[in-house]
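This report concerns only the one structure given below.
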Amino acid sequence: MLVNSSFAQKFARGFTLIEILVVMLVIGIAVGVIGFSFSASNSYYSANAYAQRIAQRIEMARDRAIQSNSEWGMFVDEGDYRFANFDPINGEWFDYTSKPFNSEKTKYTLNFKVTVEDYPGQVDSDDEELPDLIFFSSGEVSPFELDLNIDELPGATWKFQSDGFSQVRAQQIDNSL
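Rendered as C-alpha coordinates:
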(Lines of atoms letter the chains of each structure in order from A and count residues from 1; the text may use other names and numbers.)
(Lines give C-alpha, C1' and ligand atoms only; values in the text may rest on other atoms or scores of the structure.)
Protein backbone atom coordinates (compact mmCIF):
# COMPACT_ATOMS: atom_id res chain seq x y z
CA MET A 1 0.00 0.00 0.00
CA LEU A 2 1.43 3.31 -1.06
CA VAL A 3 0.29 6.49 0.54
CA ASN A 4 0.13 9.70 -1.39
CA SER A 5 3.19 11.73 -0.28
CA SER A 6 1.40 15.11 -0.32
CA PHE A 7 -1.36 13.64 1.84
CA ALA A 8 1.24 12.28 4.31
CA GLN A 9 3.09 15.60 4.45
CA LYS A 10 -0.13 17.47 5.12
CA PHE A 11 -1.04 15.39 8.22
CA ALA A 12 2.45 14.46 9.47
CA ARG A 13 3.56 17.93 10.51
CA GLY A 14 5.70 18.25 13.64
CA PHE A 15 7.43 20.95 15.64
CA THR A 16 10.66 22.51 14.56
CA LEU A 17 13.64 22.71 16.87
CA ILE A 18 13.23 26.48 17.19
CA GLU A 19 9.59 26.14 18.26
CA ILE A 20 10.55 23.62 20.94
CA LEU A 21 13.37 25.86 22.22
CA VAL A 22 11.07 28.90 22.39
CA VAL A 23 8.48 26.95 24.39
CA MET A 24 11.20 25.66 26.75
CA LEU A 25 12.51 29.21 27.21
CA VAL A 26 9.03 30.53 28.10
CA ILE A 27 8.48 27.69 30.58
CA GLY A 28 11.92 28.32 32.13
CA ILE A 29 11.21 32.00 32.62
CA ALA A 30 7.80 31.24 34.19
CA VAL A 31 9.32 28.72 36.60
CA GLY A 32 12.05 31.20 37.55
CA VAL A 33 9.57 33.96 38.32
CA ILE A 34 7.38 31.65 40.37
CA GLY A 35 10.38 30.22 42.22
CA PHE A 36 11.67 33.69 43.08
CA SER A 37 8.32 34.78 44.47
CA PHE A 38 8.15 31.66 46.64
CA SER A 39 11.64 32.20 48.03
CA ALA A 40 10.86 35.83 48.91
CA SER A 41 7.63 34.93 50.69
CA ASN A 42 9.27 31.89 52.27
CA SER A 43 11.30 34.24 54.50
CA TYR A 44 8.10 35.77 55.86
CA TYR A 45 6.59 32.32 56.44
CA SER A 46 9.62 31.08 58.37
CA ALA A 47 9.82 34.32 60.39
CA ASN A 48 6.12 34.06 61.18
CA ALA A 49 6.58 30.44 62.27
CA TYR A 50 9.45 31.57 64.53
CA ALA A 51 7.20 34.21 66.12
CA GLN A 52 4.42 31.65 66.63
CA ARG A 53 6.89 29.34 68.42
CA ILE A 54 7.87 32.18 70.77
CA ALA A 55 4.20 32.72 71.64
CA GLN A 56 3.82 28.99 72.28
CA ARG A 57 6.88 28.99 74.54
CA ILE A 58 5.45 31.89 76.55
CA GLU A 59 2.20 29.98 77.02
CA MET A 60 4.10 26.81 77.92
CA ALA A 61 6.09 28.74 80.57
CA ARG A 62 2.80 29.97 82.01
CA ASP A 63 1.46 26.40 82.06
CA ARG A 64 4.67 25.11 83.64
CA ALA A 65 4.39 27.73 86.41
CA ILE A 66 0.86 26.52 87.18
CA GLN A 67 1.78 22.82 87.05
CA SER A 68 4.89 23.14 89.20
CA ASN A 69 3.31 25.72 91.54
CA SER A 70 6.36 27.95 91.13
CA GLU A 71 7.18 31.25 89.49
CA TRP A 72 8.76 31.38 86.06
CA GLY A 73 10.22 34.32 84.19
CA MET A 74 11.38 35.47 80.80
CA PHE A 75 14.43 37.66 80.36
CA VAL A 76 14.35 39.68 77.15
CA ASP A 77 17.53 41.14 75.72
CA GLU A 78 17.68 43.21 72.55
CA GLY A 79 18.54 40.23 70.34
CA ASP A 80 17.51 37.18 72.37
CA TYR A 81 15.33 35.85 75.17
CA ARG A 82 15.63 33.17 77.83
CA PHE A 83 13.38 31.51 80.38
CA ALA A 84 14.14 31.01 84.05
CA ASN A 85 12.47 29.52 87.07
CA PHE A 86 12.60 30.86 90.61
CA ASP A 87 14.20 28.87 93.39
CA PRO A 88 12.51 30.07 96.62
CA ILE A 89 15.10 28.38 98.85
CA ASN A 90 18.04 30.31 97.39
CA GLY A 91 15.95 33.29 96.29
CA GLU A 92 17.45 33.22 92.79
CA TRP A 93 16.33 32.88 89.20
CA PHE A 94 17.95 30.00 87.32
CA ASP A 95 18.01 29.79 83.54
CA TYR A 96 15.97 26.94 82.17
CA THR A 97 17.68 25.82 78.97
CA SER A 98 16.07 22.44 78.36
CA LYS A 99 13.72 21.92 75.45
CA PRO A 100 11.26 23.44 74.67
CA PHE A 101 12.43 26.53 76.58
CA ASN A 102 15.88 26.81 75.07
CA SER A 103 16.56 29.74 72.82
CA GLU A 104 16.16 28.80 69.19
CA LYS A 105 18.92 29.80 66.80
CA THR A 106 17.83 31.57 63.64
CA LYS A 107 19.43 33.06 60.55
CA TYR A 108 17.78 36.42 61.23
CA THR A 109 18.95 39.42 63.22
CA LEU A 110 16.31 39.80 65.93
CA ASN A 111 15.34 42.97 67.79
CA PHE A 112 13.11 42.58 70.84
CA LYS A 113 11.52 45.46 72.74
CA VAL A 114 9.51 44.72 75.86
CA THR A 115 7.17 47.07 77.69
CA VAL A 116 5.75 45.93 81.01
CA GLU A 117 2.63 47.72 82.19
CA ASP A 118 2.34 49.04 85.70
CA TYR A 119 -0.06 47.06 87.84
CA PRO A 120 -1.02 47.08 91.54
CA GLY A 121 1.48 45.27 93.72
CA GLN A 122 4.27 45.49 91.15
CA VAL A 123 7.74 45.53 92.61
CA ASP A 124 9.44 48.80 91.66
CA SER A 125 13.02 47.75 91.13
CA ASP A 126 15.75 48.38 88.63
CA ASP A 127 17.29 45.10 89.71
CA GLU A 128 18.83 43.33 86.72
CA GLU A 129 18.17 40.00 88.43
CA LEU A 130 14.40 40.19 87.95
CA PRO A 131 12.96 38.84 84.70
CA ASP A 132 11.16 41.17 82.34
CA LEU A 133 8.07 38.94 82.36
CA ILE A 134 6.95 36.92 85.36
CA PHE A 135 4.62 33.93 85.11
CA PHE A 136 2.94 33.39 88.46
CA SER A 137 1.86 30.01 89.80
CA SER A 138 -1.73 31.35 89.83
CA GLY A 139 -1.69 31.49 86.01
CA GLU A 140 -1.30 35.25 85.74
CA VAL A 141 1.50 36.93 83.88
CA SER A 142 2.81 40.45 84.30
CA PRO A 143 0.93 42.58 81.74
CA PHE A 144 3.27 43.23 78.84
CA GLU A 145 3.76 44.08 75.22
CA LEU A 146 6.68 42.54 73.34
CA ASP A 147 7.67 43.62 69.83
CA LEU A 148 9.86 41.56 67.52
CA ASN A 149 11.49 43.19 64.50
CA ILE A 150 13.67 41.29 62.07
CA ASP A 151 16.33 43.32 60.25
CA GLU A 152 16.19 41.17 57.11
CA LEU A 153 12.41 41.69 56.75
CA PRO A 154 11.82 45.45 56.83
CA GLY A 155 8.31 46.60 57.51
CA ALA A 156 7.23 43.50 59.43
CA THR A 157 6.76 43.47 63.19
CA TRP A 158 5.32 40.75 65.39
CA LYS A 159 3.57 41.83 68.57
CA PHE A 160 3.00 39.64 71.62
CA GLN A 161 0.83 40.99 74.41
CA SER A 162 -1.14 40.04 77.46
CA ASP A 163 -3.25 41.91 79.96
CA GLY A 164 -2.16 39.42 82.59
CA PHE A 165 -4.88 36.87 81.95
CA SER A 166 -5.39 36.50 78.20
CA GLN A 167 -3.55 34.01 76.06
CA VAL A 168 -0.45 35.31 74.30
CA ARG A 169 -0.52 35.21 70.52
CA ALA A 170 1.90 36.43 67.87
CA GLN A 171 0.24 39.04 65.70
CA GLN A 172 2.02 40.28 62.59
CA ILE A 173 1.78 44.01 62.02
CA ASP A 174 2.69 45.53 58.67
CA ASN A 175 4.60 48.78 59.20
CA SER A 176 4.84 49.63 55.51
CA LEU A 177 1.36 51.19 55.37
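Just so you know, we're using this note's numbering here: the sequence shown kicks off at 6 and counts up by one.
In this text, a Cβ means the ideal position worked out from N, Cα and C, and glycines have one as well.
### Alpha-carbon to alpha-carbon, residue 38 and residue 85
Across the structure, residue 85 and residue 38 are spaced so that their CA atoms are roughly 35 Å apart.
### Query
Would you say the segment 66 to 78 touches the segment 132 to 145, given that touching needs at least three Cβ pairs under 8 Å?
yes
### Query
Considering only residues of the segment 146 to 178, which uninterrupted beta strand (DSSP E) runs meet the minimum length of 3 residues and lie entirely inside it, listed in chain order?
149 to 155, 161 to 167
### Message
Check for me: the beta strand (DSSP E) holding residue 90 runs from which residue to which?
### Response
86 to 92
### Query
So, using beta-carbon positions, are residue 55 and residue 161 closer together than 8 Å?
No, they are not a contact pair.
#### Entry: As assigned by DSSP and simplified to three states, the class of residue 68
helix
### Query
Hey, how far is the Cα of residue 92 from the Cα of residue 177?
35 Å
### Task
Ignore the nearest five residues each way along the sequence and tell me which others in residue 111's own chain have a CB closer than 8 Å to its CB.
Once the five neighbours on either side are set aside, the close Cβ partners of residue 111 are 55.
### Query
Per DSSP, residue 97 is paired with what?
92
### Task
Reducing DSSP to helix, strand and coil, say where residue 37 ends up.
helix
### Query
With a CB to CB cut of under 7 Å and the five nearest residues on each side skipped, what residues in its chain are close to residue 108?
85, 86, 87
### Task
Mark residue 79 as exposed unless 16 or more other C-beta atoms lie within 10 angstroms of its C-beta, in which case mark it buried.
Residue 79 is buried by the Cβ-count criterion.
#### Entry: Per DSSP, cross-strand counterpart(s) of residue 79
88, 138
### Message
Tell me the rounded alpha-carbon separation between residue 52 and residue 102.
### Response
22 Å
### Task
Would you mind working out which of 137, 117, 81 sits nearest residue 153, comparing C-alpha positions?
117
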